[in-house]
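With the numbering used here applied, the sequence shown covers 460 to 538.
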Amino acid sequence: MVVGVVYGESEEISSHYRRIGNTYPVIIGKDFWHRLTGKDDFYFELIDAIGEVALEVDGSKVVEQTIKTLAVEIVEKYK
460 MVVGVVYGES EEISSHYRRI GNTYPVIIGK DFWHRLTGKD DFYFELIDAI
510 GEVALEVDGS KVVEQTIKTL AVEIVEKYK
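The structure is reproduced here in structure tokens:
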């Protein structure tokens with residue numbers, strides 16, 4: 460078994476992944492995508508594509524609705 464982390468660098472991983480790394484190989488970011496696709500530059504292509512989509516999408520309505528929903532849940536829980 461191998462654990463793949465889709466982004467980041469080995470110096471940045473959490474203690475959770477470090478513990479897992481004592482038992483299983485943890486493949487991170489660029490190395491993960493290279494091993495998965497065989498393309499050395501796939502990680503950067505993916506990051507660029509995600510960046511382009513992020514610029515095109517207005518997620519403010521989703522965020523606003525999520526905040527409202529969570530606010531109602533919190534009020535109900537702590538009445």
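Heads up, the beta-carbon is just placed ideally off N, CA and C, and yes, glycines get one too.
Remember, it's a predicted structure, so these values are computed and weren't measured experimentally.
Beta-bridge partners of residue i, as assigned by DSSP
{"i": "Gly463", "result": "Ile486"}
Closest by C-alpha distance to residue i, when choosing among the options
{"i": "Asp490", "options": "Val461, Asp507, Ala508 and Asp517", "result": "Val461"}
Assigned secondary structure, residue i (DSSP; H/G/I helix, E/B strand, else coil)
{"i": "Lys536", "result": "helix"}
{"i": "Ile472", "result": "coil"}
{"i": "Lys498", "result": "coil"}
N-terminal and C-terminal residue of the alpha helix (DSSP H) that residue i is part of
{"i": "Ile515", "result": "The sequence as given places Glu at residue 515; Ile does not occur at that position. Glu515 -> alpha helix (DSSP H) spans Phe501 to Glu515."}
Beta-carbon separation (whole angstroms), residue i vs residue j, contact threshold 8 angstroms
{"i": "Gly488", "j": "Tyr466", "result": "5 angstroms"}
{"i": "Ile472", "j": "Val485", "result": "7 angstroms"}
{"i": "Trp492", "j": "Tyr502", "result": "4 angstroms"}
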